[in-house]
Amino acid sequence: MVPSSSSPGSSADASATAELPDITAAYPGPALRLAADGTLAGANAAAEELIQGDAGLIGELRGWILSSSVVPGLRSVPVEAARGPMVVEWAAVPLAGGGALLLGRDATLERQLRQTLTESRQRYKDLVEVSSDFAWETGPDGRFVFVTPKGALGFGPEALIGRDPRDLAIDEWGDLPLPFDTRRPIDQAELWLKRRDGQPACVVASALPLFGPDGAWAGARGVCRDVTEPALRAAELSRVRNREKLLAHIVHTLRDRVDAAEALRVAAAETMRALGADGCRIYLAGGPDGALRTAAEFGVDTPPALTDGGLEPTLDAIAAAGEPLSTMLDRTRLLGARTEYRQAVNGAVLVWRGDDADPWNEEDRDLISGVAAHIGIAQAHLAYQERLRRLSERDGLTGLFNRRTFFERLEEALARPETGASALLYVDLDNFKAVNDLHGHQQGDTVLKAIGNLLTTGTRPGDLPGRLGGDEFVLWLGRTDEQRAATVAERLLSGIRRLHHLSASPDKPLGLSIGIAVHHPGRGETAQELTDRADVAMYAAKGRGKGSYAMAAPIGERAAGRGGADQAAVVAAFGAAEAEPAP
């Protein structure tokens, strides 16, 4: 209740009452006076505004004053003022004659700030607890003193508090500063940490350093966001783009080369560089016995593992495997993939590194797999080019060089610098027309094929067997003197006797007439002149009764025409009957 120290009507009460209007008018905030019975005895303009906006204000203040048995003190009262909701803090002063003087203070902003601060603290607490990021703080010793209640990186908070963050750092950081012990603000720094299971985790950290009153470093405070999956996806995307870029370069290289063999050599070089290998070899199917043969190779040194004949099982495994195959062979790291065209295996790609290099990884396997897919197309192109070249260079029936190709190759051979003699054998079939007349052209084709096999048997690299047309054949023997040429002629004459069963009749036996022209470098003899000498010698042998060979006169001596029998053109002629089979 409101205390009273004097009765109404006294001079002291009158004096105090008389001074109250001046006090309320001078007060900067709302001020009012309640009489002893709780009715409003006076109010300044600010209080009148509040009373008009909230009719229940006087009743609430009256109840507060009357219920107080001691000095009322302070009370915050919400008010619906004309300008909106307010919170007014009232201070009540008892009056000597009864009643009370109430002085108000606008506490709306203060209350709102206090409430906002309380809400922001709760909001921060809620956000930290539900966020995928984890907040942390380190102390002066650099160890965790606070972490998010749910922990981080698979660790609970009890396993992290008190722990040195550097225990979680990947070794490559070494002595470099981390966000956990930073001396300057850090924003969105990426680093790799170790999870509880030992797996790497990529996090993005933001941190602020903490300093004590004396300016000494007192720790750091920040947040980390786990971005491992996006980082791995970005790394994989980068690898894919890099692989596609390298593959595009190799594809363009293959397309820009008309010569498929040259394209494969360039592809081998680019594949080696793209994979960081020491060398690359490209194999093509279709070798002897169906084995893979080398179509292109690029590298500084070929390791023994690729030269000692022990590679065949590995190549067979690569050709049989549906995916790239990596293995170690003789201290050499091999990585290979088969090549295909229209779902048929047509070769393989093989790269190698030394055993001191890094092992092949999944990215390497993906890259060589993509390379192999495109090289398979290039190999099909190469095989097609080789087939066209064979068709254009070879006689379709016997497989020997045709007339055009033979003379092109012969001119190339004559143009090369040689230190010794070579020889051209001009070979003509005896009694071949009778085979066609009596047994038909199919039997004649069988005879021509057999002569083709006879000419190619025992030839060396660089020798050129050819068919000029009809039943006329030639054989160029590089690095061959008169004796060696005669030995080959005797072998051919011996071989034709084994084909007598293909003759038209016993009185028309198959035979060969062979003219031999020995070529000596430096005498300026052309391919046509050499062929003419051998042709004349062949007719000389045929004129001696067929089934023999004759040696042409050296260049410069007079030679008879194709149908002549001038013996000055022939050094010697030997009958087939006296010739023994060559060993």
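For the sequence shown, the tail end lands on 582 under numbering that gives the first Met the number 0, and the numbers increase by one without skipping.
Just so it is clear, CB atoms sit at the ideal spot from N, CA and C, and this is done for glycine as well.
All values derive from a computational prediction rather than experimental measurement.
Backbone secondary structure at Lys149 - three-state DSSP: By one-based count along the sequence shown, residue 149 stands at place 150. Coil.
Return helix, strand or coil for Ser391, following the three-state DSSP convention. For the purposes of this step, residue 391 is identified with residue 392 of the sequence shown, where counting begins at 1. Of the three classes helix, strand and coil, the one that applies to Ser391 here is helix, per DSSP.
Cβ-heavy atom distance, Ala247 to the ligand COA, below 7 Å: Questions concerning the ligand COA fall outside what the structure shown contains, since it holds no ligand whatsoever.
State whether the segment 288-300 contacts the segment 261-272, with contact taken as three or more CB pairs (one from each stretch) at a distance under 8 Å. The segment 288-300 vs the segment 261-272: in contact.
Can you confirm whether Gly369, when its beta carbon is compared against all beta carbons of chain B, has any partner nearer than 8 Å? Judged by its chain identifiers, the structure shown contains no chain B, having just a single protein chain.
Looking at C-beta atoms only, is the number of pairs between the segment 532-542 and the segment 512-519 that lie closer than 8 Å three or more? yes
Going by DSSP, what residue range makes up the alpha helix (DSSP H) through Arg483? Numbered from 1 along the sequence shown, position 484 holds the residue referred to as residue 483. Annotation: the continuous alpha helix (DSSP H) that includes Arg483 extends over Glu481 to Arg496.
Please state the DSSP three-state secondary structure of Ile281. Residue mapping note: residue 281 aligns to position 282 of the sequence shown, counting from 1. Correct three-state label for Ile281: strand.
Looking at C-beta atoms only, is the number of pairs between the segment 231-238 and the segment 147-165 that lie closer than 8 Å three or more? Segments in contact, no.
Contact set for Glu311: own chain, Cβ-Cβ below 8 Å, skip 5 residues either direction: Position 312 of the sequence shown, counting from 1, holds the residue named residue 311. Closer than 8 Å at the Cβ level, and outside the excluded window around Glu311, lie Ala290.
Taking the straight line between their C-alpha atoms, what separation do you get for Ala24 and Arg32? Mapped onto the sequence shown, residue 24 falls at position 25. Mapped onto the sequence shown, residue 32 falls at position 33. The alpha-carbon separation between Ala24 and Arg32 amounts to approximately 11 Å.
Bridge partners - Ala90, DSSP secondary structure assignment: Position 91 of the sequence shown, counted from the first residue, corresponds to residue 90. In DSSP, Ala90 forms a bridge with Leu73 and Leu102.
Quick one: Cα of Arg142 to Cα of Val226, how far? Working through the sequence shown from its first residue, we reach residue 142 at position 143. Working through the sequence shown from its first residue, we reach residue 226 at position 227. Each residue's alpha carbon lies about 23 Å from the other.
Three-state class that DSSP yields for Asn452 in the structure shown: Residue numbering aside, residue 452 sits at position 453 when the sequence shown is read from its first letter. Correct three-state label for Asn452: helix.
Assuming Ala533 contacts Tyr425 under a Cβ cut-off of 8 Å, what Cβ separation, rounded to an integer in Å, is found between them? If you number the sequence shown from 1, residue 533 lands on position 534. If you number the sequence shown from 1, residue 425 lands on position 426. The Cβ separation is near 4 Å, so the contact holds.
Enclosing beta strand (DSSP E) for Thr404 [first to last residue]: Taking the sequence shown and counting its residues from 1, one reaches residue 404 at position 405. Per DSSP, Thr404 belongs to no beta strand (DSSP E); it is in the alpha helix (DSSP H), Arg402 to Ala414.
Classify Arg561 as helix, strand or coil using the three-state DSSP reduction. Position 562 of the sequence shown holds residue 561. Here the model assigns Arg561 a pLDDT of 38, short of 50, so the residue's position is not dependable and the matter cannot be decided.
Proximity to Gly477 [Cα-Cα], best of Arg466, Gly37, Arg194 and Pro520: Position 478 of the sequence shown, counted from the start, is the residue given in the question as residue 477. Minimum Cα distance to Gly477 is reached at Pro520.
CB Ala319 to CB Phe406, shorter than 8 Å? Taking the first residue of the sequence shown as 1, we reach residue 319 at position 320. Taking the first residue of the sequence shown as 1, we reach residue 406 at position 407. The criterion of a C-beta distance shorter than 8 Å is not satisfied by Ala319 and Phe406.
Spatial neighbours of Val446 within its chain, please: C-beta separation below 6 Å, excluding the five flanking residues on both sides. On the sequence shown, position 447 is the one that residue 446 refers to. Cβ within range, chain order: Val434 and Leu501.
Give me, in chain order, the residues of the same chain whose beta-carbon lies closer than 6 Å to that of Pro77; leave out the 5 immediate sequence neighbours on both sides. Locating residue 77 in the sequence shown gives position 78, counting from the first residue. Correct list, in chain order: Val86.
May I ask which residues mark the beginning and end of the alpha helix (DSSP H) holding Asp315? Taking the first residue of the sequence shown as position 1, residue 315 is located at position 316. Judged by DSSP secondary structure, Asp315 falls within the alpha helix (DSSP H) whose first and last residues are Glu311 to Ala319.
Is the distance from the Cβ of Gly428 to the Cβ of Leu366 below 8 Å? Position 429 of the sequence shown, counting from 1, holds the residue named residue 428. Position 367 of the sequence shown, counting from 1, holds the residue named residue 366. Note that residue 428 is Leu in the sequence shown here, rather than Gly. In this structure, Leu428 sits away from Leu366, with a CB-CB distance that is not shorter than 8 Å.
Could you name the residues of the same chain whose beta carbon sits closer than 7 Å to that of Asp163, not counting the 5 residues immediately before and after it, in chain order? The residue given as residue 163 occupies position 164 in the sequence shown. The answer, listed in chain order, is Gly141 and Arg142.
Bridge-paired residues (DSSP) for Ser205: For the purposes of this step, residue 205 is taken as the residue at position 206 of the sequence shown. For Ser205, which the question treats as bridged, DSSP gives the partners Val222.
On the premise that Arg466 lies in contact with Thr397, defined as a C-beta separation below 8 Å, what is that separation, rounded to the nearest angstrom? Stepping through the sequence shown from its first residue, residue 397 is reached at position 398. Stepping through the sequence shown from its first residue, residue 466 is reached at position 467. The pair is a contact, with the Cβ atoms about 5 Å apart (cut-off 8 Å).
Per DSSP, what kind of secondary structure is Gln51 in: helix, strand or coil? Along the sequence shown, read from residue 1 onward, the residue named residue 51 stands at position 52. Helix, per DSSP.
Could you give the distance in angstroms between the alpha-carbon of Pro669 and the alpha-carbon of Ala449? Outside the modelled stretch of the chain, which goes from 0 to 582, sits residue 669, for which no answer is possible.
If you reduce the DSSP assignment to three classes, tell me which class Leu583 lands in. Here the chain covers residues 0 to 582 and nothing more, so residue 583 does not appear.
Would you mind giving the Cβ-Cβ distance between Leu209 and Gly218, rounded to the nearest angstrom? I have them listed as a contact below 8 Å. Looking up residue 209 in the sequence shown gives position 210. Looking up residue 218 in the sequence shown gives position 219. At roughly 5 Å, the Cβ-Cβ gap stays under 8 Å, so Leu209 and Gly218 are in contact.
Report the three-state DSSP secondary structure of Pro84 (helix, strand or coil). Taking the first residue of the sequence shown as position 1, residue 84 is located at position 85. It is a strand residue.
Which of helix, strand or coil DSSP assigns to Thr326: Counting from 1 along the sequence shown, the entry for residue 326 is found at position 327. Strand.
Rounded separation between Leu328 and Glu339 - CA only: Looking up residue 328 in the sequence shown gives position 329. Looking up residue 339 in the sequence shown gives position 340. Cα to Cα, Leu328 sits roughly 25 Å from Glu339.
What is the rounded straight-line gap between the Cα of Ala80 and the Cα of Gln114? Walking along the sequence shown from the start, residue 80 turns up at place 81. Walking along the sequence shown from the start, residue 114 turns up at place 115. Between Ala80 and Gln114, the C-alpha separation is close to 20 Å.
Might you give, ordered along the chain, the residues of its own chain that have their beta carbon closer than 7 Å to the beta carbon of Glu524, omitting 5 neighbours on each side? Taking the sequence shown and counting its residues from 1, one reaches residue 524 at position 525. Counting only Cβ-Cβ distances below 7 Å, and skipping sequence neighbours, we find His518 and Ile554.
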